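Colleague:
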Amino acid sequence: MDIEPEVLALVQHAKRVTILTGAGVSAESGVATFRSYKEETKESLWSQYDPQKMASIDGFLENPNRVWQWYQWRRSELKTKKPNEAHKAIAKWQESKTLSSKNQNVTLITQNVDGLHQAGGSKDVIELHGNIWRNHCLQCLAEYNGEVDGVDLEEREEVIECPECGGQIRPSVVWFGEALPEQAWRDAESASYSCDLFLSVGTSSQVYPAAGLAALAKSQGATVIEINPEPTKSSVVDYCIAGKAGEVLSILNT
Ligand code: BJW
Numbered sequence: 001m002d003i004e005p006e007v008l009a010l011v012q013h014a015k016r017v018t019i020l021t022g023a024g025v026s027a028e029s030g031v032a033t034f035r036s037y038k039e040e041t042k043e044s045l046w047s048q049y050d051p052q053k054m055a056s057i058d059g060f061l062e063n064p065n066r067v068w069q070w071y072q073w074r075r076s077e078l079k080t081k082k083p084n085e086a087h088k089a090i091a092k093w094q095e096s097k098t099l100s101s102k103n104q105n106v107t108l109i110t111q112n113v114d115g116l117h118q119a120g121g122s123k124d125v126i127e128l129h130g131n132i133w134r135n136h137c138l139q140c141l142a143e144y145n146g147e148v149d150g151v152d153l154e155e156r157e158e159v160i161e162c163p164e165c166g167g168q169i170r171p172s173v174v175w176f177g178e179a180l181p182e183q184a185w186r187d188a189e190s191a192s193y194s195c196d197l198f199l200s201v202g203t204s205s206q207v208y209p210a211a212g213l214a215a216l217a218k219s220q221g222a223t224v225i226e227i228n229p230e231p232t233k234s235s236v237v238d239y240c241i242a243g244k245a246g247e248v249l250s251i252l253n254t
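Numbering-wise, the sequence shown is residues 1 to 254 according to the working numbering.
(1) In the structure shown, what three-state DSSP assignment does H87 receive?
(2) Any heavy atom of the ligand BJW closer than 7 Å to the Cβ of F60?
(3) Let me confirm a value: A91 is counted as buried when at least 16 other C-beta atoms fall within 10 Å, else exposed. Which label applies?
(4) Going by beta-carbon coordinates alone, are D114 and S190 separated by less than 8 Å?
(5) Residues in the same chain with beta-carbon distance under 7 Å from V224, minus the five sequence neighbours each way, listed in chain order, please.
(6) Please go through the same chain and pick out, in chain order, the residues whose beta-carbon is closer than 6 Å to the beta-carbon of I126, but skip the five residues on each side of it.
(7) Would the beta-carbon of T18 fall within 8 Å of that of G24?
(8) Use the C-beta contact count for M54: other C-beta atoms within 10 angstroms, 16 or more gives buried, fewer gives exposed.
(9) From N65 to D196, what distance separates their C-alpha atoms?
(10) Using the three-state DSSP reduction, which class does W46 fall into: helix, strand or coil?
(11) Per DSSP, what kind of secondary structure is P171 in: helix, strand or coil?
(12) Pop quiz: C240 and N228 are said to be a contact at Cβ under 8 Å. What is the actual Cβ separation, rounded to whole angstroms?
(13) Hey, out of H129, V248, A242 and S250, whose CA is closest to A211's CA?
(14) Measure the beta-carbon distance from G177 to I57 and round it to whole angstroms, keeping in mind my assumption that it falls under 8 Å.
(15) Give the C-beta separation of K88 and G120 to the nearest angstrom, bearing in mind that I take them to be a contact with Cβ-Cβ under 8 Å.
(16) Given a cut-off of 8 Å on the beta-carbon distance, is the pair E85 and G243 in contact?
(17) Should W175 be listed as close to the ligand BJW, given that the test is whether its C-beta is under 7 Å from any heavy atom?
(18) Please report the distance separating the alpha-carbon of R35 from that of L45.
(19) Leaving out the 5 sequence neighbours to the left and right, which residues in its chain are closer than 7 Å to Q118 when beta-carbon positions are compared?
(20) How would you label T41, buried or exposed, when you count the other beta carbons within 10 angstroms and need 16 or more for buried?
(21) To which residues of the same chain is I251 closer than 8 Å at the C-beta, ignoring the five residues directly before and after it?
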């Protein structure tokens, strides 16, 4: 695939780069996206499940076991997935701080909850929508991983009660209508506000407030580049590289 020299130069010469990733960055690992999904074998999650039932607090309260089981299923699927070239290229970029001879500051913000950026070698990841591998009590917010009262959470097919307060233990992800983690949001805003290049990778840019970060960056003079095989109609995008994240990022990083 060819990338316009002008776009290549912008990427190579930016000083502060902020990368926002979405589900598309994990698509080449075989993880289903939420909305559009064109790979042969799988459909998108939201074409099979109702987001209001599976990813909202009302859906959880209506049927906690249904939601818990859905997340347990997703966790078991994710255990078989490995980071792809996109995750690795971003990690390498962060580590080396350069795509050319210049020293670059690279900040990674993700909407993904799958932990594949970390598995791919990224040490600093701003997670806007939480992390599917963590759990906490809905009521007292106590965090739980591994065992609870001698029972392995991974083995549980039904929601377990918090030993501290009797509340329900839920996955530590951000559902519709819930606020994003405060510190992560502050860091994401700050990295978007101060960058000169904003890369939007593998996201449909439909979910706010994350989708507003590109506009924030642009309002401060940053160039916005999108990497997506199905370009979004976002009016803030200056250049779209219409390709798969793994392929495009590997080219940028050679
Ligand atoms: C490839 C590829 C390849 C394929 N390479 N690319 C303003 C306007 C309108 C609505 C709102 C608004 N502000 C807030 C809202 C409400 C709502 C919202 O945005 N709704 C919209 C859907 C209309 N937002 C919220 O409710 C948020 N909370 C909030 O605003 O709180 C306010 C508040 C403040 C104070 C107190 C209380 C409340 C929370 C949003 C939480 C989103 N949660 C989810 C689930 C996470 C847990 C889980 O995983 O189960 O997050 S929903 C889901 O969507 C998930 C994702 O992170 C998120 C974004 O999806 P993403 O990553 O863009 O994936 P897709 O599938 O949409 O797109 C994939 C893309 O990849 C496609 O474009 C493909 O083409 C591409 N692709 N292969 C590159 N190989």
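Ideal placement from N, C-alpha and C gives every residue a C-beta, glycine not left out.
Quantities reported herein were computed from a predicted structural model and do not represent experimental measurements.
Modeller: Walking through what the data contain:
(1) The answer is helix: DSSP assigns H87 an H, G or I state.
(2) Remark: the C-beta of F60 is outside contact range of the ligand BJW, defined as less than 7 Å to any heavy atom.
(3) buried
(4) no
(5) F198, S200, A214, A217, K218, V236, V237 and D238
(6) I109, A184, D187 and A188
(7) no
(8) buried
(9) 45 Å
(10) helix
(11) strand
(12) 7 Å
(13) H129
(14) Rounded, the Cβ-Cβ distance is 6 Å, consistent with contact.
(15) The beta carbons of K88 and G120 sit about 5 Å from each other, so the pair counts as a contact at 8 Å.
(16) no
(17) yes
(18) About 7 Å.
(19) V125
(20) Interpretation of T41 is limited by its pLDDT of 47, a score under 50 that renders its predicted location unreliable; the figure taken from the coordinates is listed afterwards. T41 is exposed by the Cβ-count criterion.
(21) Taken in chain order, the residues that qualify are M1 and I3.
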